[in-house]
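Protein chains in written order, with my numbering: chain A, 1 to 135; chain B, 1001 to 1157.
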Amino acid sequence: MDVQEAVAEGQASVDNGEVKRDGRKQFSMGPGDILEGKLIYDGSVHADGRVEGEVRVTGNIDVATGANVKALLEGSNVLLKGQVEGMVTARDKLTLGKNARLSGDIQVRRLQIDDGATLNGHVRMGDFEHQASGQ
Amino acid sequence: MSTRRPGSRLATPVPAENGANGQPNSIVLGPNDRLVGQLYIEGDLRVTGTVDGTLEATGDIEIAGAGKVNGDVTAYNRLTVGSDASLIAGDVRVARLTVQDGATFSGKVSMGKPARKAEPKAPEPKPQPQVEPVVEPVVAQAAVAAAREPIKKGKRR
């Protein structure tokens, strides 16, 4: 429960165009990629490049250092290293890395903010059943 | 005690242990300590006890151990909330923020710009950071002079 970062170290395999790591689906973007719109995804998302709109996933979301995200984000564990503008919901844990810059309200069960991160917004903490995975 | 008080106050100038002589000040609230109300400190603050009220520090604020703070927090430099600590705030204004995993944290967070110093010190029409230390010795000297006068008069009589 504590660490689910092991996902990245698992073996990657391509199956029907989906990258799977340890049997879990992974939607992985590169620095030059652009996503605009609404993504509802049964798996985890690695966001890089530019993201605008809404991203709701059953797994984890991590936003890369150079990424520019203007979107609503919702996932189990959310790890932000880049710049994010928008509401963030972490059903388990939200981590703001030292280079993270977040402008937006957040709702989390657990929160970790590393020194150097910037946060402007409202923080709500606790269990929340009323907001499911948004599917 | 009542006989000592005037003398001891005059002998030890107030600024000496108040961080006003250029040295950073620091306050620690231990696990059994409790503060209800407002605290403004020119220096650092470490809370491992309970605070119900408003905290403002020109340096760092650290809520550590099982420390609990309910109220607005302003730290001109850094705010740290430890893994067992709790901060339930309305407004959090800080320059730097660290929240350790496990901490309880909620409130409206404002960062990035240096926290406004003007708000708590509203009655300051002109910039006078240098005036304050000057004023206090003058007051102390005036108090000394005032205290000496009655003594002399007393001797004369």
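All C-beta atoms in this analysis are idealised placements derived from N, C-alpha and C, irrespective of residue type, glycine included.
Entirely enclosed beta strand (DSSP E) segments - the segment 1041 to 1074 of chain B, minimum 3 residues:
The segment 1041 to 1074 of chain B contains these whole beta strand (DSSP E) runs: 1043 to 1047, 1050 to 1057, 1061 to 1063, 1068 to 1070.
Using the beta-carbon of each residue, which ones in chain A are nearer than 8 Å to glycine 1067 (chain B)?
When 8 Å is used as the limit between beta carbons, glycine 1067 (chain B) is near no residue of chain A, the shortest such separation being about 16 Å.
Please tell me whether asparagine 120 (chain A) has its Cβ less than 8 Å away from any Cβ of chain B.
With 8 Å as the cut-off, asparagine 120 (chain A) counts as an interface residue toward chain B.
Proximity test, Cβ basis, 8 Å: leucine 80 (chain A) and chain B
By this cut-off, leucine 80 (chain A) is not an interface position.
When burial is assigned at 16 or more other CB atoms within 10 Å of the CB, is glycine 126 (chain A) buried or exposed?
Exposed, by the Cβ-count rule.
Check this for me: beta carbons of aspartate 48 (chain A) and lysine 25 (chain A), under 8 Å apart or not?
Between aspartate 48 (chain A) and lysine 25 (chain A), the CB-CB gap reaches or exceeds 8 Å.
Counting only C-beta atoms, is histidine 125 (chain A) closer than 8 Å to chain B at any point?
For the record, residue 125 (chain A) in the displayed sequence is methionine; it is not histidine. Interface residue, yes.
Could you tell me if asparagine 1032 (chain B) is buried or exposed, where buried requires 16 or more neighbouring beta carbons within 10 angstroms of its beta carbon?
Exposed, by the Cβ-count rule.
Identity of the residues DSSP links to glycine 41 (chain A) by a beta bridge
Correcting the residue identity first, residue 41 (chain A) is tyrosine in this sequence and not glycine. For tyrosine 41 (chain A), the pairing in a beta bridge is given by DSSP as A:Val57.
Could you name the residues that DSSP lists as bridge partners for glutamine 1100 (chain B)?
According to DSSP, glutamine 1100 (chain B) bridges with nothing at all.
In the segment 1073 to 1099 of chain B, which residues sit with their C-beta less than 7 Å from some C-beta in chain A, listed in chain order?
Using a CB distance below 7 Å, the part of the segment 1073 to 1099 of chain B facing chain A consists of Arg1096, Leu1097, Thr1098, Val1099, ordered along the chain.
So the beta strand (DSSP E) threonine 65 (chain A) belongs to, where does it begin and stop?
From DSSP, threonine 65 (chain A) is part of no beta strand (DSSP E); its letter is neither H nor E.
Have a look at glycine 1043 (chain B) and valine 1094 (chain B) and give me their C-alpha separation to the nearest angstrom.
A straight-line Cα-Cα distance of about 14 Å links glycine 1043 (chain B) and valine 1094 (chain B).
Are the CB atoms of isoleucine 1061 (chain B) and valine 1073 (chain B) within a distance shorter than 8 Å?
In this structure, isoleucine 1061 (chain B) lies closer than 8 Å to valine 1073 (chain B) by Cβ.
CB contact check: threonine 1071 (chain B) to chain A, cutoff 8 Å:
The amino acid at residue 1071 (chain B) is misidentified as threonine; the sequence shows glycine. Not one chain A Cβ lies under 8 Å of glycine 1071 (chain B).
Only counting the same chain, and skipping five residues up and downstream in sequence, which positions put a Cβ closer than 6 Å to that of proline 1024 (chain B)?
Closer than 6 Å at the Cβ level, and outside the excluded window around proline 1024 (chain B), lie Gly1043.
Interface residues of chain B facing glutamine 26 (chain A) [CB-CB closer than 9 Å]
Those do not exist, as glutamine 26 (chain A) stays about 24 Å from chain B at its closest Cβ, beyond 9 Å.
What does a CB cutoff of less than 6 Å around leucine 39 (chain A) pick up in its chain, not counting 5 residues either side in sequence?
Val55, listed in sequence order.
Beta bridge counterpart(s) of asparagine 1025 (chain B) as assigned by DSSP
Partner(s): B:Gly1043.
Please report the residue range of the beta strand (DSSP E) in which lysine 25 (chain A) lies.
DSSP places lysine 25 (chain A) in the uninterrupted beta strand (DSSP E) bounded by 24 to 28.
Of the residues B:Thr1104, B:Thr1054, B:Arg1034, the one placed nearest isoleucine 1041 (chain B), counting alpha carbons only
The shortest C-alpha to C-alpha distance from isoleucine 1041 (chain B) to any of B:Thr1104, B:Thr1054, B:Arg1034 is the one to B:Thr1054.
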